[in-house]
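Reading through the structure tokens given below for one structure.
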Amino acid sequence: MFCAVIVAAGSSRRAGFDKLAAPLAGEPVLCRSVQAFVNAGCTAVVVVCPPERWQAVGLADAAFPVPVLRVDGGAERQDSVAAGLAALPAGTRWVAVHDGARPLITPQGIRACLAAAAQTGAAACAHPVVDTLKRADAAGLSLPEKVSRDCLWGMETPQIFDIDLLRRAYACVAEQGLVVTDEVSAMETLGIATRLVQVGANLKITLPGDLELAELIFNHRGEA
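Per my numbering, the very first residue in the sequence shown carries number 881; after that it's consecutive.
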């Protein structure tokens, strides 16, 4: 059984507006993310978000062919993921954890990541870093240091795992009192490497300009 936990509990401070409720080609960003996992064949989707956001984006009244449930989030992202994992139905074997602010993920991309996870137990969407990297001081001035981008990847979601492995990883995170920003980092506490998978345009809505770019990409896909 393949299920998803979609994390959507953040405050959108950097965006300056509720980016998860913002419209993308006529539908709220969060709804686009949920629909992708429903279309990818998930048995159930758990959305971690506050009740007011659940209402604002229309998920409270939406009808899906599979259960789409809401749970409250926690103080840290890992607490929100833990709440989502606890709400998954019995019999879940594979779980995708996805940031609700990545609405461009496609069902095909989700299935590609799941196929990689089925081979290794752990897979995540990501992209190789292509920009020139510089380190700066506290004043924002570049330092004369060469930062190699060889073998560097930018992490994305979904990140898909054998659910028993992920639960073990988060138990280890809790035991060590760590704070992690994604599930790949949690898996590293077990010494388990994650297979990285490229799935095409999959940007995260963080700033207002990101929403405009996402709209262009979404509309281009429709035309293609």
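For every residue, glycine included, the Cβ atom is placed at its ideal position computed from N, Cα and C.
Hey, out of A1073, C1031, T923, whose CA is closest to A970's CA? Along the sequence shown, read from residue 1 onward, the residue named residue 970 stands at position 90. The shortest Cα separation from A970 among A1073, C1031, T923 belongs to T923.
Is the beta carbon of P1038 closer than 8 Å to that of I985? To locate residue 985, count along the sequence shown from 1; it is residue 105. To locate residue 1038, count along the sequence shown from 1; it is residue 158. Cβ atoms of I985 and P1038: closer than 8 Å.
If you draw a straight line from the C-alpha of A1104 to the C-alpha of G1071, how long is it? Counting from 1 along the sequence shown, the entry for residue 1104 is found at position 224. Counting from 1 along the sequence shown, the entry for residue 1071 is found at position 191. In this prediction, A1104 has a pLDDT of 49, which is less than 50 and means its spatial position is unreliable; nothing more can be read from the coordinates.
Could you check whether N1099 and P987 sit closer than 8 Å to each other, using their CB atoms as the reference points? In the sequence shown, the residue the question calls residue 987 occupies position 107. In the sequence shown, the residue the question calls residue 1099 occupies position 219. Inclusion of P987 and N1099 in the CB contact set at 8 Å is not warranted, their separation being larger than that value.
Check whether G921 and F882 have beta carbons under 8 Å apart: Within the sequence shown, the letter at position 41 stands for residue 921. Within the sequence shown, the letter at position 2 stands for residue 882. G921 is a Cβ neighbour of F882, given a cutoff of 8 Å.
G1034 to V1009 span [Cα, whole Å]: The sequence position of residue 1034 within the sequence shown is 154, counting from 1. The sequence position of residue 1009 within the sequence shown is 129, counting from 1. Cα to Cα, G1034 sits roughly 6 Å from V1009.
Tell me whether Q1039 sits in a helix, a strand or coil according to DSSP, three-state version. On the sequence shown, residue 1039 is found 159 positions in, with the first residue counted as 1. Looking at Q1039 - three-state DSSP - the assignment turns out to be strand.
With burial defined as no fewer than 16 other Cβ atoms inside 10 Å of the residue's Cβ, what is the status of E932: buried or exposed? For the purposes of this step, residue 932 is taken as the residue at position 52 of the sequence shown. Exposed, by the Cβ-count rule.
What residue range does the beta strand (DSSP E) around I886 cover? Counted from its first residue, the sequence shown places residue 886 at position 6. First-last of the beta strand (DSSP E) with I886: 882-887.
What residue range does the alpha helix (DSSP H) around C911 cover? Counting from 1 along the sequence shown, the entry for residue 911 is found at position 31. In this chain, the alpha helix (DSSP H) harbouring C911 covers 909-919.
Three or more C-beta pairs under 8 Å: does that hold for the segment 1074-1088 against the segment 1014-1022? Fewer than three Cβ pairs drawn from the segment 1074-1088 and the segment 1014-1022 lie within less than 8 Å of each other, which leaves the two stretches out of contact.
Out of curiosity, what's the CA-to-CA distance linking V1167 and G906? In the structure as shown, the chain begins at 881 and stops at 1104. Residue 1167 is therefore absent and cannot be evaluated.
Assuming V927 and G989 are in contact, meaning their beta carbons sit under 8 Å apart, how far apart are those beta carbons, in whole angstroms? By one-based count along the sequence shown, residue 927 stands at place 47. By one-based count along the sequence shown, residue 989 stands at place 109. In fact, because the Cβ distance is near 19 Å, the residues do not count as touching under 8 Å.
Between which residues of its own chain and D1062 is the CB-CB distance below 7 Å, once the five residues before and five after are set aside? In the sequence shown, residue 1062 corresponds to position 182, counting from 1. In chain order, M1035, Q1039 place their CB closer than 7 Å to the CB of D1062, counting only its own chain and leaving out the 5 sequence neighbours on each side.
Whole angstroms is fine: what's the gap from L1032's alpha carbon to A1073's? Translated into the one-based positions of the sequence shown, residue 1032 becomes position 152. Translated into the one-based positions of the sequence shown, residue 1073 becomes position 193. Going from the Cα of L1032 to the Cα of A1073 covers about 15 Å.
Identify every run of the beta strand (DSSP E) within the segment 923-990, keeping only runs that are complete inside it and at least 3 residues long; order them along the chain. Here the runs fully enclosed are 924-928, 948-951, 974-979.
C929 and A976: beta carbons closer than 8 Å? Numbered from its first residue, the sequence shown carries residue 929 at position 49. Numbered from its first residue, the sequence shown carries residue 976 at position 96. No, Cβ-Cβ distance for C929 and A976 is not below 8 Å.
Give the range of the alpha helix (DSSP H) segment to which L1003 is assigned. Counted from its first residue, the sequence shown places residue 1003 at position 123. Correcting the residue identity first, residue 1003 is Ala in this sequence and not Leu. Following the DSSP letters along the chain, one finds A1003 in no alpha helix (DSSP H) but inside the beta strand (DSSP E) bounded by residues 1002-1008.
Note down the Cα distance separating E1068 from D952, rounded to an integer number of angstroms. Position 188 of the sequence shown, counted from the first residue, corresponds to residue 1068. Position 72 of the sequence shown, counted from the first residue, corresponds to residue 952. Whole-angstrom Cα-Cα distance: 26 Å.
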